[in-house]
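Colleague: Got a structure here, written out as structure tokens. Questions coming.
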Amino acid sequence: MSKEKQRREALLYHAKPQPGKIKIVPTKPYSTQRDLALAYSPGVAEPCLEIEKNKDDVYKYTAKGNIVAVISNGTAVLGLGNIGPEASKPVMEGKSLLFKIFADIDGIDIELDTEDVDKFIETVKTIAPTFGGINLEDIKAPEAFEIERRLKEELDIPVMHDDQHGTAIISAAALLNAIELTNKKIDKVRIVVSGAGAAAVSCTKLYKAFGASAKNIVMLDSKGVIRSDRGNLSGEKLEFATDRKIDTLEEAMKDADVFIGLSIANIVTPKMLKSMAKDPIVFAMANPNPEIAYDLACKTRKDVIMATGRSDHPNQVNNVLGFPFIFRGALDVRATKINEEMKMAAVRALADLTREPVPEQVNIAYDATRLAFGKEYIIPKPFDPRLITTIPLAVAKAAMESGVAKAPIQDWDRYEEELYQRSGNDNKVVRLLHNRAKVNPKRIVFAEAELLDVMKAAQIVYEEGIAEPILLGHRETIENLKKELDFDAEVTIIDPRSDESKELRTKYALKLWESRKRKGETKYSARVNMGKRNYFGAMMLLEGDADGMISGYSRSYPRVLRPVFEVLGRAKGVKNASTVNIMITERGPLFLADTSINIDPNAEELAEIAQMTANVASTFGFSPVMAMLSYANFGSSNHPNAQKVKEAVRILHEKNPDLVVDGEIQTDFALSQELCNNNFPFSKLSGKKVNTLIFPNLESANITYKLLKGLNKADSIGPIMVGLTRAAHILQLGASVDEMVNMTAVAVIDAQEREKRRKMRRESE
1 MSKEKQRREA LLYHAKPQPG KIKIVPTKPY STQRDLALAY SPGVAEPCLE IEKNKDDVYK
61 YTAKGNIVAV ISNGTAVLGL GNIGPEASKP VMEGKSLLFK IFADIDGIDI ELDTEDVDKF
121 IETVKTIAPT FGGINLEDIK APEAFEIERR LKEELDIPVM HDDQHGTAII SAAALLNAIE
181 LTNKKIDKVR IVVSGAGAAA VSCTKLYKAF GASAKNIVML DSKGVIRSDR GNLSGEKLEF
241 ATDRKIDTLE EAMKDADVFI GLSIANIVTP KMLKSMAKDP IVFAMANPNP EIAYDLACKT
301 RKDVIMATGR SDHPNQVNNV LGFPFIFRGA LDVRATKINE EMKMAAVRAL ADLTREPVPE
361 QVNIAYDATR LAFGKEYIIP KPFDPRLITT IPLAVAKAAM ESGVAKAPIQ DWDRYEEELY
421 QRSGNDNKVV RLLHNRAKVN PKRIVFAEAE LLDVMKAAQI VYEEGIAEPI LLGHRETIEN
481 LKKELDFDAE VTIIDPRSDE SKELRTKYAL KLWESRKRKG ETKYSARVNM GKRNYFGAMM
541 LLEGDADGMI SGYSRSYPRV LRPVFEVLGR AKGVKNASTV NIMITERGPL FLADTSINID
601 PNAEELAEIA QMTANVASTF GFSPVMAMLS YANFGSSNHP NAQKVKEAVR ILHEKNPDLV
661 VDGEIQTDFA LSQELCNNNF PFSKLSGKKV NTLIFPNLES ANITYKLLKG LNKADSIGPI
721 MVGLTRAAHI LQLGASVDEM VNMTAVAVID AQEREKRRKM RRESE
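Sequence positions in the sequence shown follow the UniProt record's numbering and run 1 to 765.
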């Protein structure tokens with residue numbers, strides 16, 4: 001993507017459909033006059049009076065305990081420098097967004113128009129009663145040190161400057177693990193720190209807290225090695241001044257065990273890396289380009305353990321692994337501060353988590369057979385669902401043990417469950433889809449590339465590295481669209497009706513006739529069909545000239561389904577193909593089937609649909625907990641419509657007893673654990689959170705998913721086609737650009753899975 005195009009897209013993202021990235025929504029009913037009288041006058045007076053008597057009741061009656069202020073004066077923003085408070089606001093809104101999606105914390109951004117330390121501190125102290133915690137952000141050093149120090153001393157709520165401590169906590173966890181892998185001792189390793197800003201100082205202090213020896217540390221700033229005989233050193237730099245008579249990074253790197261980079265790109269050369277000790281540990285964390293490129297470092301030293309700040313390489317030092325979960329734990333025990341014990345607990349929890357078996361969902365997200373503790377896995381991945389239940393818990397315990405928790409947790413099992421429940425409210429599934437697709441992009445046919453929105457989707461998946469688009473349609477029209485969208489990449493364009501495609505069209509037509517000559521297909525009709533993009537695209541898949549196909553944006557579902565079925569057919573052993581929609585809801589993802597194909601399936605067909613849907617859920621890293629839906633509950637009706645669901649459940653229990661599936665059951669009982677537990681304790685669903693719904697017919701499934709999408713504004717991924725021989729997926733008529741991008745990622749993952757299965761079959765033969 002060109003810089004100008006990226007600039008336009010970023011501006012459009014922030015401006016439309018409404019400015020900004022966050023908003024405030026009510027958490028209480030407000031539809032009636034009674035509701036409003038309780039929310040405001042006169043009812044609101046009662047909690048006010050209770051809080052007046054006991055200030056701590058503000059946590060009981062208001063949202064204070066779940067609100068963190070994200071505060072900056074815009075003096076050290078990202079790589080942009082001192083750009084001022086207004087210009088820093090998009091970054092602070094972004095930080096608030098991360099708080100919400102990773103830890104369900106409401107972040108409120110506040111930008112202060114002052115560089116005066118005393119004014120800054122006084123302002124924050126004045127507004128502090130509003131918040132449960134303070135996250136300081138993008139404040140330049142050395143003022144950042146003074147501001148944080150004084151606010152921690154003078155306020156009774158958690159305060160943390162994430163620029164300092166976030167990187168320190170994540171990198172410290174990685175360092176502990178890297179040192180263990182190399183069989184070295186932290187008090188013996190020689191550490192070089194390139195950079196002397198807030199993050200570098202905080203990192204080095206935390207390493208010392210874990211045992212690193214000051215005499216073994218060399219820190220450099222823009223002037224070179226910070227030596228004790230240099231004049232005009234700040235207190236922070238003086239702490240790390242060395243007595244060694246060296247001046248340059250090259251001298252410092254000789255025989256060093258660890259390099260910590262928080263400076264600028266490409267300052268470490270292969271020669272410097274070669275001069276380091278055996279099994280060097282290199283954390284090159286400058287963004288977007290590290291102090292030495294990952295590939296170059298690994299090529300130079302086979303024994304290097306490498307980490308960067310980038311997401312496209314192993315071992316990303318990403319602050320999002322820390323700050324949301326640290327504040328979550330601090331807020332949940334109403335900690336008066338975030339102290340060293342809490343930070344160190346977060347480090348240990350992150351380090352320990354890395355050494356545990358990795359959930360399949362994480363392996364799936366990163367398309368790994370089995371991530372395991374080692375050189376390329378020394379810190380957890382941001383997609384790891386265990387972060388929300390591990391880091392806050394460790395931080396909360398440390399707060400209690402160090403005496404700063406005002407509301408100690410009594411029931412740890414219940415707290416862990418509460419943390420888990422907070423993890424289902426965002427689009428993790430979408431991020432998982434895109435991330436996994438990017439690991440191994442596939443060739444995806446866009447059968448309607450002459451249409452603007454389809455071309456937009458193709459451009460996004462190309463530029464994001466999700467897929468390699470193959471564009472079908474009139475070449476001149478497609479080229480004009482590409483120019484209009486500034487899509488200047490060289491991608492494959494095929495016009496099935498053009499002279500240049502005649503040979504391929506003829507080849508495909510003959511293949512189609514051979515496969516369908518006893519099903520009414522003639523050579524003439526096969527040639528005619530091969531001029532149609534959906535037939536042509538499907539044949540590309542069948543012949544291995546593409547890996548997947550997306551179509552259906554401008555055609556009704558049945559019109560696209562027919563050529564796909566005729567060309568590709570059903571997979572071996574599958575009687576009926578079906579579709580699954582993933583609904584992104586507040587309770588987490590819900591897998592719904594069959595939403596598009598089978599009008600009134602019988603019991604055997606329902607069982608097959610359920611089994612294929614379970615496979616889809618597993619593919620995306622979720623253990624299926626399946627409710628077979630009906631208007632009846634467990635034998636309450638003898639009508640054939642209810643009985644077929646009951647029979648489908650019997651078939652599933654008999655064929656796959658380990659599958660968590662039950663019914664027939666009504667939707668409300670399926671979705672409410674309390675209702676199910678109280679009324680049907682014998683059910684396989686009792687005590688479990690249902691994430692997969694199998695509907696008795698097409699009407700109920702299609703209507704339900706569109707109701708969820710329309711009324712609750714739930715995002716939908718699908719319909720995902722299951723049961724075909726190839727990865728072809730048909731969109732709903734008029735799908736949005738985002739929906740097409742998501743479905744392309746699904747097609748890529750589908751193709752990846754098929755490739756894996758073919759490889760396994762070949763190896764077993």
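Note that CB positions come from ideal geometry on N, CA and C, so glycine has one too.
Here the structure is a predicted model, which means the values were calculated and not measured.
In the DSSP assignment, find the unbroken alpha helix (DSSP H) run with D340 in it and report its ends.
Modeller: Position 340 of the sequence shown holds residue 340. The sequence shown places Glu at residue 340, not Asp. From DSSP, the alpha helix (DSSP H) with E340 extends over E340 to T354.
Colleague: Name the two residues that bound the continuous alpha helix (DSSP H) containing F120.
Modeller: Counted from its first residue, the sequence shown places residue 120 at position 120. In the DSSP assignment, F120 falls within the alpha helix (DSSP H) that extends over V117 to I127.
Colleague: Whole beta strand (DSSP E) runs in the segment 240-319 with 3 or more residues, listed along the chain?
Modeller: Correct list: 258-261, 281-284 and 305-308.
Colleague: Taking the C-alpha atoms as reference points, what is the distance between T725 and E753?
Modeller: As a working mapping, residue 725 is identified with position 725 in the sequence shown. As a working mapping, residue 753 is identified with position 753 in the sequence shown. Rounded to whole angstroms, T725 to E753 spans 12 Å at the Cα level.
Colleague: Measuring CB to CB, does L685 end up less than 8 Å from A627?
Modeller: Within the sequence shown, numbered from 1, the residue matching residue 685 stands at position 685. Within the sequence shown, numbered from 1, the residue matching residue 627 stands at position 627. Yes, the pair counts as a contact, with Cβ atoms nearer than the cut-off.
Colleague: What residues in its chain sit with their C-beta under 7 Å from that of K689, if we drop five residues either side in the sequence?
Modeller: Against the sequence shown, residue 689 aligns to sequence position 689. Contacts found: V625 and Q673.
Colleague: Run through DSSP, which three-state label would N678 get?
Modeller: Mapped onto the sequence shown, residue 678 falls at position 678. Of the three classes helix, strand and coil, the one that applies to N678 here is helix, per DSSP.
Colleague: Can you grab the Cα-Cα spacing for the pair F680 / L671, in whole Å?
Modeller: As a working mapping, residue 680 is identified with position 680 in the sequence shown. As a working mapping, residue 671 is identified with position 671 in the sequence shown. Those two C-alpha atoms are separated by around 13 Å.
Colleague: Just the C-alpha distance for A751 and L542, rounded to the nearest angstrom, thanks.
Modeller: For the purposes of this step, residue 751 is taken as the residue at position 751 of the sequence shown. For the purposes of this step, residue 542 is taken as the residue at position 542 of the sequence shown. Whole-angstrom Cα-Cα distance: 12 Å.
Colleague: Thinking just about the alpha-carbon of each residue, which of S623, Y415 and E604 is nearest to the one in N645?
Modeller: By one-based count along the sequence shown, residue 645 stands at place 645. It should be noted that the sequence gives Val, not Asn, for residue 645. Per the C-alpha coordinates, the member of S623, Y415 and E604 positioned closest to V645 is E604.
Colleague: In angstroms with no decimal places, state the Cα-to-Cα distance between A69 and D109.
Modeller: Locating residue 69 in the sequence shown gives position 69, where the first residue counts as 1. Locating residue 109 in the sequence shown gives position 109, where the first residue counts as 1. Those two C-alpha atoms are separated by around 6 Å.
Colleague: Using only alpha-carbon positions, find the residue among G133, N691 and L98 that is nearest to P382.
Modeller: The residue you call residue 382 lines up with position 382 of the sequence shown. For the set G133, N691 and L98, the Cα lying nearest the Cα of P382 is the one of L98.
Colleague: Taking the runs of the beta strand (DSSP E) that are 3 residues or longer, which of them lie wholly in the segment 360-446?
Modeller: 442-446
Colleague: In its own chain, which residues sit with a C-beta less than 6 Å from the C-beta of T300, not counting the 5 before and 5 after it?
Modeller: Here residue 300 corresponds to residue number 300 of the sequence shown, with the count starting at 1. Counting only Cβ-Cβ distances below 6 Å, and skipping sequence neighbours, we find P270 and L273.
Colleague: Hey, which unbroken runs of the alpha helix (DSSP H) at 4 residues or more fall wholly within the segment 533-582?
Modeller: 533-542 and 557-568
Colleague: Between K397, G531, L568 and R559, which lies nearest to A546 when the distance is taken from Cα to Cα?
Modeller: Within the sequence shown, the letter at position 546 stands for residue 546. Of the listed residues, the one whose Cα sits closest to A546 is L568.
Colleague: So, at 8 Å on beta carbons, what are the nonlocal neighbours of C298 in its own chain, with the 5 sequence-adjacent residues on each side left out?
Modeller: As a working note, residue 298 is residue 298 in the sequence shown. Contacts found: V304 and M306.
Colleague: If you reduce the DSSP assignment to three classes, tell me which class A76 lands in.
Modeller: The residue you call residue 76 lines up with position 76 of the sequence shown. In this structure, A76 counts as coil in the three-state DSSP scheme.
Colleague: Quick check for students: name the residue ranges of the beta strand (DSSP E) that lie wholly in the UniProt domain "Malic enzyme N-terminal" (19-152), counting only runs of 3 or more.
Modeller: 67-72, 106-111 and 133-136
Colleague: Use the C-beta contact count for L36: other C-beta atoms within 10 angstroms, 16 or more gives buried, fewer gives exposed.
Modeller: Sequence index remark: in the sequence shown, residue 36 carries index 36 (1-based). Flag for L36 reads exposed.
Colleague: Among A144, G20 and D104, which residue has its Cα nearest to the Cα of A77?
Modeller: By 1-based counting over the sequence shown, the position of residue 77 is 77. Note that residue 77 is Val in the sequence shown here, rather than Ala. Selected option, being the one with the closest Cα: A144.
Colleague: Going by DSSP in three states, G734 sits in which element: helix, strand or coil?
Modeller: Locating residue 734 in the sequence shown gives position 734, where the first residue counts as 1. Taken through DSSP and simplified to helix, strand or coil, G734 comes out as coil.
Colleague: Over what stretch of residues does the alpha helix (DSSP H) that includes P640 continue unbroken?
Modeller: Within the sequence shown, residue 640 is the residue found at index 640, counting from 1. That run of the alpha helix (DSSP H) goes P640 to K655.
Colleague: Candidates Q459, N339, N287 and T27: which alpha carbon is nearest V737's?
Modeller: Here residue 737 is taken as the residue at index 737 of the sequence shown, counted from 1. Ranking Q459, N339, N287 and T27 by Cα distance to V737 puts Q459 first.
Colleague: If distances are taken between C-alpha atoms only, which option among G710, G537 and V661 comes closest to T585?
Modeller: Residue 585 sits at position 585 when you count from the first residue of the sequence shown. Minimum Cα distance to T585 is reached at G710.
Colleague: Please report how far the alpha carbon of I67 lies from the alpha carbon of D106, in whole angstroms.
Modeller: Within the sequence shown, numbered from 1, the residue matching residue 67 stands at position 67. Within the sequence shown, numbered from 1, the residue matching residue 106 stands at position 106. Spanning the two alpha carbons is a distance of roughly 5 Å.
Colleague: Taking the continuous alpha helix (DSSP H) assigned at residue 775, which residues delimit it?
Modeller: Any answer about residue 775 is impossible in this case: the structure gives the chain only from 1 up to 765.
Colleague: Put D715 into one of helix, strand or coil per three-state DSSP.
Modeller: One-based indexing of the sequence shown puts residue 715 at position 715. Of the three classes helix, strand and coil, the one that applies to D715 here is strand, per DSSP.
Colleague: Do you know offhand how far G20's Cα is from N702's?
Modeller: Within the sequence shown, numbered from 1, the residue matching residue 20 stands at position 20. Within the sequence shown, numbered from 1, the residue matching residue 702 stands at position 702. Taking the straight line from one Cα to the other gives about 34 Å.
Colleague: Determine which residues share a DSSP beta bridge with S194 and list them.
Modeller: Counting from 1 along the sequence shown, the entry for residue 194 is found at position 194. Per DSSP, L220 and G261.
Colleague: When the Cα atoms are used, what is the spatial distance from M760 to V439?
Modeller: By 1-based counting over the sequence shown, the position of residue 760 is 760. By 1-based counting over the sequence shown, the position of residue 439 is 439. Taking the straight line joining both Cα atoms gives about 19 Å.
Colleague: Would you kindly check if the distance between the Cβ of S716 and the Cβ of M530 is under 8 Å?
Modeller: Looking up residue 530 in the sequence shown gives position 530. Looking up residue 716 in the sequence shown gives position 716. No, they are not a contact pair.
Colleague: So for residue 778, helix, strand or coil by DSSP?
Modeller: Only positions 1 to 765 of the chain appear in the structure, and residue 778 is not among them; the question remains open.
Colleague: Quick check on H161: buried or exposed, where buried means 16 or more other Cβ atoms within 10 Å of its Cβ?
Modeller: Mapped onto the sequence shown, residue 161 falls at position 161. Answer is buried; the Cβ neighbour count reaches 16.
Colleague: Is the segment 433-447 touching the segment 544-561, taking contact as three or more C-beta pairs under 8 Å?
Modeller: yes
Colleague: Terminal residues of the continuous beta strand (DSSP E) containing K692?
Modeller: Numbered from 1 along the sequence shown, position 692 holds the residue referred to as residue 692. Strictly speaking, residue 692 in this sequence is Thr, with Lys absent from that position. Start and end: T692 to I694.
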